[in-house]
Each structure stands twice: as C-alpha cells, then as structure tokens.
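Residue numbers (our numbering): 136 to 286. Read the structure below first, then the notes.
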C-alpha cells in the first residue's frame with residue numbers, strides 16, 4: 136500500500152511525528168513508532184526514515200508564562216521551606232503586605248490566601264502580587280519554585 140506523509144520530525148522519545156494522509160479523514164497528525172502494535176505505525180516510521188529528510192528533534196522554546204504554567208503546584212510546606220531558604224517568613228511577608236497595601240478587603244484576602252493556602256500554583260496572581268510586594272523578581276521566584284519542587 137502507498138502512504139502519503141509530510142513534515143516528518145523526530146520527537147523527544149525517538150518516534151517520528153508526521154502528517155499522514157488518511158484515506159477517510161485527509162491529512163492528520165500521526166506519531167509513527169517502530170514498536171507500535173498496529174502495523175501502520177511501524178510502516179510509516181520505516182517510510183519516513185527511508186525517505187530521509189526527517190527533521191531532528193529540537194526542544195520547544197517556551198515563553199516564561201508557558202514555562203511557569205508547567206511548574207508543579209507546591210504544598211504549603213514546600214512553599215514555606217522555599218521562602219525560608221531565602222530568609223522570608225510568613226510574618227515578614229504579612230508585615231510587608233500590610234505595609235504595602237491600604238487596609239482593604241483585598242489586603243485581608245491576599246494575606247489569608249498566602250498564609251492559609253494548602254497548595255500554591257506558580258501562575259496564581261496572588262503569589263505574584265505578594266512576591267512583588269516583598270521585592271522578589273519573577274526569575275528568583277522561578278528559582279525558588281524549582282528548588283522547592285525538587286525539579
């Protein structure tokens with residue numbers, strides 16, 4: 136059988152991602168693997184490899200926002216241990232927030248959220264707001280997050 140493929144490129148696992156012209160659905164994305172239990176996967180892998188021109192794998196370039204969205208959540212313990220590693224305590228953070236914001240509901244909610252949370256997400260705007268108030272730049276918060284998560 137003759138297959139039409141295009142845009143073949145290795146992925147990070149060594150399989151080949153490609154576009155395959157399916158007889159019913161037209162062009163579809165497909166990952167071809169020589170160890171696939173379905174014969175089509177192995178056949179398309181061999182075809183792409185034998186045709187040559189399979190693009191090498193390259194790490195995707197992520198924006199800071201995309202990279203942060205992929206960071207795992209931290210437990211409260213992980214977050215506060217990370218904060219302690221850079222000499223920030225809950226008390227220091229609360230006093231900085233209190234000094235940096237007017238006595239409003241927003242301030243009370245922010246303090247409650249940061250001191251009583253059971254988990255912390257890197258993309259949570261409250262985390263970013265609090266760290267900005269304590270003067271911790273995003274790149275240092277990224278480093279703290281990576282250290283605290285064990286990545």
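In this text, a Cβ means the ideal position worked out from N, Cα and C, and glycines have one as well. Quick caveat: nothing in here was measured; it's all calculated off a predicted structure.
By the C-beta density criterion, residue 213 is buried, having at least 16 other C-beta atoms within 10 angstroms. Under a 10 Å Cβ-count criterion, residue 161 is classified as exposed, with fewer than 16 other Cβ atoms of the shown protein chains found around its own Cβ.
The C-beta distance from residue 188 to residue 143 rounds to 7 angstroms, short enough to meet the 8 angstroms contact threshold. Its Cα nearest to that of residue 273, the residue 258 stands out among 243, 169, 222, 258. Residue 232 is a Cβ neighbour of residue 265, given a cutoff of 8 angstroms. Contact between residue 250 and residue 229 holds, since their C-beta atoms are separated by about 6 angstroms, short of 8 angstroms. Residue 282 and residue 217 have their C-alpha atoms spaced approximately 7 angstroms apart.
The three-state secondary structure of residue 237, taken from DSSP, is coil.
With respect to the C-alpha of residue 235, the residue from 248, 270, 247, 203 having the closest C-alpha is 270. When the beta-carbon positions are compared, residue 154 and residue 141 come within less than 8 angstroms of each other. Approximately 7 angstroms separates the beta-carbon atoms of residue 178 and residue 138; this is inside 8 angstroms, confirming the contact. As summarised for the segment 200 to 279, the continuous alpha helix (DSSP H) elements at least 4 residues long and confined to that stretch are 211 to 220, 225 to 235, 240 to 251, 260 to 268, given in chain order. Secondary structure at residue 178: helix, using DSSP grouped into helix, strand and coil.
The residue among 191, 185, 149 with its C-alpha nearest the C-alpha of residue 171 is 149. In the DSSP assignment, residue 144 is bridged to 152, 190.
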